[in-house]
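Undergrad:
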Amino acid sequence: MDMLAYPFMQRALLAGLLVGGLTSLLGVLVVLRRSAFFGDAIAHASLAGVALGVLTGWPPLLPAAGVGVGLAMFLHVAERRTRLPLDTVLGFILPFFMALGVILLSLKPGYQPELVSFLFGSILTVSYQSLLVISLIAVVVLSFFLRFRHQVVFAAFDEEAARLAGIPVALMLTGYHVLLALVIIASIRTVGVVLVNALLIIPAATAKLLARSLAHMFILTPLLGMASVIGGMAGSYYLDLPSGPAIVVLSGLVFLGVTLVAKLTVKQVP
(Lines of atoms letter the chains of each structure in order from A and count residues from 1; the text may use other names and numbers.)
(Lines give C-alpha, C1' and ligand atoms only; values in the text may rest on other atoms or scores of the structure.)
Protein backbone atom coordinates (compact mmCIF):
# COMPACT_ATOMS: atom_id res chain seq x y z
CA MET A 1 0.00 0.00 0.00
CA ASP A 2 2.99 2.33 0.18
CA MET A 3 2.55 3.21 -3.49
CA LEU A 4 -0.67 5.05 -2.58
CA ALA A 5 1.33 7.55 -0.56
CA TYR A 6 2.08 9.42 -3.77
CA PRO A 7 -0.58 11.74 -5.28
CA PHE A 8 0.23 10.65 -8.84
CA MET A 9 -0.41 7.02 -7.87
CA GLN A 10 -3.72 7.98 -6.25
CA ARG A 11 -4.81 9.74 -9.47
CA ALA A 12 -3.62 6.82 -11.56
CA LEU A 13 -5.47 4.24 -9.46
CA LEU A 14 -8.72 6.21 -9.46
CA ALA A 15 -8.53 6.78 -13.22
CA GLY A 16 -7.65 3.14 -13.79
CA LEU A 17 -10.54 1.83 -11.68
CA LEU A 18 -13.03 4.08 -13.46
CA VAL A 19 -11.75 3.12 -16.89
CA GLY A 20 -11.33 -0.57 -16.07
CA GLY A 21 -14.85 -0.86 -14.71
CA LEU A 22 -16.55 1.13 -17.50
CA THR A 23 -14.64 -0.46 -20.36
CA SER A 24 -15.29 -3.95 -19.08
CA LEU A 25 -18.98 -3.22 -18.45
CA LEU A 26 -19.63 -2.10 -22.03
CA GLY A 27 -17.32 -4.84 -23.24
CA VAL A 28 -20.02 -7.38 -22.35
CA LEU A 29 -22.16 -6.19 -25.26
CA VAL A 30 -19.12 -5.88 -27.50
CA VAL A 31 -18.25 -9.55 -26.93
CA LEU A 32 -21.81 -10.81 -27.24
CA ARG A 33 -22.46 -8.73 -30.39
CA ARG A 34 -19.07 -9.72 -31.87
CA SER A 35 -18.19 -6.10 -32.61
CA ALA A 36 -14.62 -6.00 -31.30
CA PHE A 37 -13.34 -4.31 -34.45
CA PHE A 38 -15.54 -1.29 -33.65
CA GLY A 39 -13.58 -0.58 -30.47
CA ASP A 40 -10.26 -1.00 -32.23
CA ALA A 41 -11.24 1.41 -35.02
CA ILE A 42 -12.54 4.10 -32.64
CA ALA A 43 -9.44 3.83 -30.44
CA HIS A 44 -7.01 4.21 -33.34
CA ALA A 45 -9.05 6.92 -35.06
CA SER A 46 -9.17 9.00 -31.88
CA LEU A 47 -5.43 9.60 -32.23
CA ALA A 48 -6.34 12.36 -34.68
CA GLY A 49 -8.29 14.10 -31.92
CA VAL A 50 -5.44 13.58 -29.46
CA ALA A 51 -3.04 15.19 -31.95
CA LEU A 52 -5.37 18.15 -32.37
CA GLY A 53 -5.45 18.65 -28.62
CA VAL A 54 -1.65 18.46 -28.35
CA LEU A 55 -1.19 21.03 -31.11
CA THR A 56 -3.81 23.47 -29.80
CA GLY A 57 -3.00 23.12 -26.11
CA TRP A 58 -6.42 21.68 -25.22
CA PRO A 59 -6.76 18.64 -22.93
CA PRO A 60 -6.18 15.88 -25.54
CA LEU A 61 -9.10 13.76 -24.32
CA LEU A 62 -11.65 16.45 -25.22
CA PRO A 63 -11.01 16.63 -29.01
CA ALA A 64 -10.42 12.87 -28.99
CA ALA A 65 -13.89 12.44 -27.49
CA GLY A 66 -15.31 14.69 -30.21
CA VAL A 67 -13.72 12.57 -32.93
CA GLY A 68 -14.77 9.31 -31.29
CA VAL A 69 -18.39 10.35 -30.74
CA GLY A 70 -18.65 11.78 -34.26
CA LEU A 71 -17.38 8.56 -35.79
CA ALA A 72 -19.63 6.43 -33.59
CA MET A 73 -22.69 8.33 -34.81
CA PHE A 74 -21.48 8.21 -38.40
CA LEU A 75 -20.87 4.47 -38.28
CA HIS A 76 -24.41 3.73 -37.16
CA VAL A 77 -25.75 5.71 -40.12
CA ALA A 78 -23.23 4.20 -42.54
CA GLU A 79 -24.14 0.69 -41.44
CA ARG A 80 -27.72 1.25 -42.56
CA ARG A 81 -27.46 3.61 -45.52
CA THR A 82 -24.45 2.46 -47.53
CA ARG A 83 -23.87 -0.70 -49.47
CA LEU A 84 -20.50 -1.25 -47.84
CA PRO A 85 -20.19 -3.76 -44.97
CA LEU A 86 -19.44 -2.18 -41.61
CA ASP A 87 -16.06 -3.89 -41.34
CA THR A 88 -15.07 -2.30 -44.66
CA VAL A 89 -15.98 1.17 -43.37
CA LEU A 90 -14.05 0.48 -40.16
CA GLY A 91 -11.11 -0.77 -42.21
CA PHE A 92 -10.93 2.66 -43.84
CA ILE A 93 -11.41 4.68 -40.66
CA LEU A 94 -8.78 2.91 -38.55
CA PRO A 95 -5.65 3.48 -40.70
CA PHE A 96 -6.76 6.82 -42.17
CA PHE A 97 -7.42 8.67 -38.92
CA MET A 98 -4.49 7.06 -37.12
CA ALA A 99 -2.14 8.10 -39.92
CA LEU A 100 -3.67 11.59 -39.82
CA GLY A 101 -3.00 11.75 -36.09
CA VAL A 102 0.64 10.73 -36.51
CA ILE A 103 1.10 13.38 -39.21
CA LEU A 104 -0.44 16.07 -37.00
CA LEU A 105 1.72 15.06 -34.03
CA SER A 106 4.81 15.18 -36.22
CA LEU A 107 4.22 18.93 -36.62
CA LYS A 108 5.15 19.37 -32.97
CA PRO A 109 8.88 19.27 -32.16
CA GLY A 110 9.82 16.26 -30.06
CA TYR A 111 6.51 14.52 -30.73
CA GLN A 112 7.84 10.95 -30.37
CA PRO A 113 7.46 10.69 -26.55
CA GLU A 114 3.95 12.15 -26.78
CA LEU A 115 3.04 9.65 -29.48
CA VAL A 116 4.38 6.67 -27.51
CA SER A 117 2.52 7.87 -24.42
CA PHE A 118 -0.85 7.78 -26.19
CA LEU A 119 -0.15 4.62 -28.17
CA PHE A 120 0.75 2.49 -25.15
CA GLY A 121 -0.74 4.45 -22.26
CA SER A 122 0.74 6.50 -19.46
CA ILE A 123 -1.52 6.02 -16.46
CA LEU A 124 1.12 7.25 -14.01
CA THR A 125 1.07 10.69 -15.65
CA VAL A 126 -2.71 11.18 -15.42
CA SER A 127 -3.31 14.84 -14.56
CA TYR A 128 -6.15 16.34 -12.56
CA GLN A 129 -7.60 17.60 -15.86
CA SER A 130 -7.57 14.12 -17.40
CA LEU A 131 -9.04 12.63 -14.22
CA LEU A 132 -11.85 15.21 -14.34
CA VAL A 133 -12.63 14.33 -17.97
CA ILE A 134 -12.61 10.60 -17.16
CA SER A 135 -14.90 11.20 -14.15
CA LEU A 136 -17.37 13.20 -16.27
CA ILE A 137 -17.40 10.43 -18.88
CA ALA A 138 -18.03 7.90 -16.11
CA VAL A 139 -21.03 9.89 -14.83
CA VAL A 140 -22.53 10.19 -18.34
CA VAL A 141 -22.00 6.51 -19.17
CA LEU A 142 -23.35 5.16 -15.88
CA SER A 143 -26.35 7.49 -15.93
CA PHE A 144 -27.35 6.38 -19.42
CA PHE A 145 -26.62 2.72 -18.83
CA LEU A 146 -28.53 2.51 -15.54
CA ARG A 147 -31.50 4.35 -17.06
CA PHE A 148 -31.72 2.44 -20.36
CA ARG A 149 -29.82 -0.80 -19.76
CA HIS A 150 -32.79 -3.09 -20.49
CA GLN A 151 -33.67 -1.29 -23.72
CA VAL A 152 -30.05 -1.23 -24.89
CA VAL A 153 -29.54 -4.94 -24.20
CA PHE A 154 -32.82 -5.83 -25.92
CA ALA A 155 -31.99 -3.71 -28.98
CA ALA A 156 -28.46 -5.11 -29.14
CA PHE A 157 -29.60 -8.74 -29.25
CA ASP A 158 -32.82 -8.62 -31.27
CA GLU A 159 -33.53 -5.39 -33.14
CA GLU A 160 -36.75 -6.60 -34.77
CA ALA A 161 -38.29 -7.82 -31.50
CA ALA A 162 -37.21 -4.59 -29.79
CA ARG A 163 -38.99 -2.53 -32.47
CA LEU A 164 -42.15 -4.58 -32.00
CA ALA A 165 -41.90 -3.90 -28.27
CA GLY A 166 -41.86 -0.14 -28.95
CA ILE A 167 -38.18 0.44 -28.16
CA PRO A 168 -36.48 3.17 -30.25
CA VAL A 169 -33.79 0.83 -31.55
CA ALA A 170 -31.85 3.39 -33.61
CA LEU A 171 -31.66 5.77 -30.65
CA MET A 172 -30.62 3.05 -28.21
CA LEU A 173 -27.89 1.64 -30.48
CA THR A 174 -26.59 5.10 -31.33
CA GLY A 175 -26.46 5.90 -27.62
CA TYR A 176 -24.62 2.64 -26.98
CA HIS A 177 -22.06 3.39 -29.70
CA VAL A 178 -21.53 6.91 -28.36
CA LEU A 179 -21.04 5.60 -24.82
CA LEU A 180 -18.61 3.00 -26.10
CA ALA A 181 -16.64 5.68 -27.94
CA LEU A 182 -16.47 7.85 -24.80
CA VAL A 183 -15.23 4.97 -22.67
CA ILE A 184 -12.61 4.06 -25.27
CA ILE A 185 -11.39 7.66 -25.30
CA ALA A 186 -11.18 7.67 -21.51
CA SER A 187 -9.09 4.48 -21.67
CA ILE A 188 -6.46 5.93 -23.99
CA ARG A 189 -4.58 7.72 -21.20
CA THR A 190 -4.42 4.54 -19.10
CA VAL A 191 -3.63 1.67 -21.50
CA GLY A 192 -3.18 3.51 -24.80
CA VAL A 193 -4.62 3.33 -28.29
CA VAL A 194 -2.94 0.02 -29.14
CA LEU A 195 -4.09 -1.85 -26.03
CA VAL A 196 -7.50 -0.35 -25.25
CA ASN A 197 -9.41 -3.00 -27.17
CA ALA A 198 -7.81 -5.70 -25.01
CA LEU A 199 -9.28 -4.10 -21.87
CA LEU A 200 -12.61 -3.92 -23.67
CA ILE A 201 -12.63 -7.59 -24.69
CA ILE A 202 -10.55 -9.74 -22.32
CA PRO A 203 -12.44 -9.22 -19.00
CA ALA A 204 -15.78 -9.76 -20.77
CA ALA A 205 -14.48 -12.90 -22.49
CA THR A 206 -13.22 -14.21 -19.14
CA ALA A 207 -16.54 -13.47 -17.46
CA LYS A 208 -18.38 -15.24 -20.27
CA LEU A 209 -16.53 -18.44 -19.33
CA LEU A 210 -17.31 -18.04 -15.63
CA ALA A 211 -20.78 -16.49 -15.45
CA ARG A 212 -23.94 -18.59 -15.38
CA SER A 213 -26.20 -15.82 -16.71
CA LEU A 214 -26.07 -12.48 -18.47
CA ALA A 215 -26.78 -10.69 -15.20
CA HIS A 216 -23.82 -12.42 -13.53
CA MET A 217 -21.66 -11.51 -16.53
CA PHE A 218 -22.50 -7.81 -16.15
CA ILE A 219 -21.47 -8.00 -12.48
CA LEU A 220 -18.34 -10.10 -12.87
CA THR A 221 -16.85 -8.31 -15.88
CA PRO A 222 -16.25 -4.89 -14.24
CA LEU A 223 -14.77 -6.64 -11.20
CA LEU A 224 -12.30 -8.46 -13.43
CA GLY A 225 -11.44 -5.24 -15.24
CA MET A 226 -10.78 -3.32 -12.04
CA ALA A 227 -8.79 -6.19 -10.55
CA SER A 228 -6.57 -6.20 -13.64
CA VAL A 229 -5.96 -2.48 -13.19
CA ILE A 230 -4.98 -2.87 -9.53
CA GLY A 231 -2.71 -5.84 -10.21
CA GLY A 232 -1.16 -4.26 -13.29
CA MET A 233 -0.43 -1.01 -11.47
CA ALA A 234 1.15 -2.89 -8.56
CA GLY A 235 3.36 -4.75 -11.03
CA SER A 236 4.21 -1.48 -12.75
CA TYR A 237 5.19 0.15 -9.46
CA TYR A 238 7.12 -2.65 -7.80
CA LEU A 239 8.66 -4.33 -10.87
CA ASP A 240 9.24 -1.16 -12.91
CA LEU A 241 7.07 -2.36 -15.80
CA PRO A 242 5.16 -0.22 -18.32
CA SER A 243 1.74 0.27 -16.75
CA GLY A 244 -0.60 -0.17 -19.73
CA PRO A 245 0.97 -3.41 -21.00
CA ALA A 246 1.17 -4.74 -17.41
CA ILE A 247 -2.59 -4.28 -16.96
CA VAL A 248 -3.39 -5.98 -20.27
CA VAL A 249 -0.95 -8.87 -19.77
CA LEU A 250 -2.34 -9.61 -16.30
CA SER A 251 -5.87 -9.59 -17.69
CA GLY A 252 -4.76 -11.90 -20.49
CA LEU A 253 -3.09 -14.33 -18.08
CA VAL A 254 -6.30 -14.56 -16.05
CA PHE A 255 -8.22 -15.31 -19.25
CA LEU A 256 -5.75 -18.02 -20.27
CA GLY A 257 -5.94 -19.58 -16.81
CA VAL A 258 -9.74 -19.60 -16.82
CA THR A 259 -9.76 -21.03 -20.35
CA LEU A 260 -7.38 -23.82 -19.34
CA VAL A 261 -9.43 -24.70 -16.26
CA ALA A 262 -12.63 -24.69 -18.32
CA LYS A 263 -11.12 -27.08 -20.87
CA LEU A 264 -9.86 -29.44 -18.19
CA THR A 265 -13.26 -29.41 -16.50
CA VAL A 266 -15.03 -30.22 -19.77
CA LYS A 267 -12.63 -33.13 -20.45
CA GLN A 268 -13.38 -34.62 -17.04
CA VAL A 269 -17.13 -34.72 -17.69
CA PRO A 270 -18.13 -38.27 -18.80
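For my numbering, add 130 to where a residue sits in the sequence shown, where the first one is 1.
Even glycine gets a Cβ: it sits at the ideal position worked out from N, Cα and C.
Just so we're clear, the structure is a prediction, and the values are computed from it rather than from any experiment.
1. Along the chain, where does the alpha helix (DSSP H) containing A341 start, and where does it finish?
2. In angstroms, rounded to a whole number, what distance separates the CA positions of I360 and L294?
3. If you follow the alpha helix (DSSP H) that P190 is part of, which residue opens it and which one closes it?
4. Check the C-beta distance from L230 over to A178 and give it rounded, since I have them as a contact under 8 Å.
5. For the alpha helix (DSSP H) containing R293, name the first residue and the last one.
6. Terminal residues of the continuous alpha helix (DSSP H) containing A171?
7. With a threshold of 7 Å (Cβ to nearest heavy atom), would P243 be considered close to the ligand FMN?
8. Using a Cβ-Cβ cut-off of 8 Å (strictly less than) and excluding sequence neighbours within five positions of G365, which residues of its own chain qualify?
9. Please state whether DSSP places K393 in a helix, a strand or coil.
10. Roughly how many whole angstroms lie between the Cα atoms of I172 and V180?
11. Rounding to the nearest angstrom, what Cα-Cα distance links L354 and V158 in this structure?
12. Measuring alpha carbon to alpha carbon, tell me which residue in L340, M302, A335, L344 is nearest S154.
13. Looking only at its own chain, which residues have a Cβ that is under 6 Å from the Cβ of H174, when we skip the five neighbours before and after it?
TA: Let me lay it out:
1. No alpha helix (DSSP H) contains A341, which DSSP labels as neither H nor E.
2. L294 has its alpha-carbon roughly 43 Å from the corresponding atom of I360.
3. Per DSSP, P190 belongs to no alpha helix (DSSP H) and is neither H nor E.
4. Rounded, the Cβ-Cβ distance is 5 Å, consistent with contact.
5. Segment 289 to 294, the alpha helix (DSSP H) holding R293.
6. A171 -> alpha helix (DSSP H) spans 166 to 175.
7. This structure does not include the ligand FMN; it has no bound ligands of any sort.
8. Once the five neighbours on either side are set aside, the close Cβ partners of G365 are L371, A376, L380.
9. Annotated three-state conformation of K393 is helix, per DSSP.
10. Going by the C-alpha atoms only, they are around 12 Å apart.
11. Roughly 12 Å separates the two Cα atoms.
12. Ranking L340, M302, A335, L344 by Cα distance to S154 puts A335 first.
13. Taking C-beta separations shorter than 6 Å and ignoring five residues to either side along the sequence, the partners of H174 in its chain run L224, M228, V323, following chain order.
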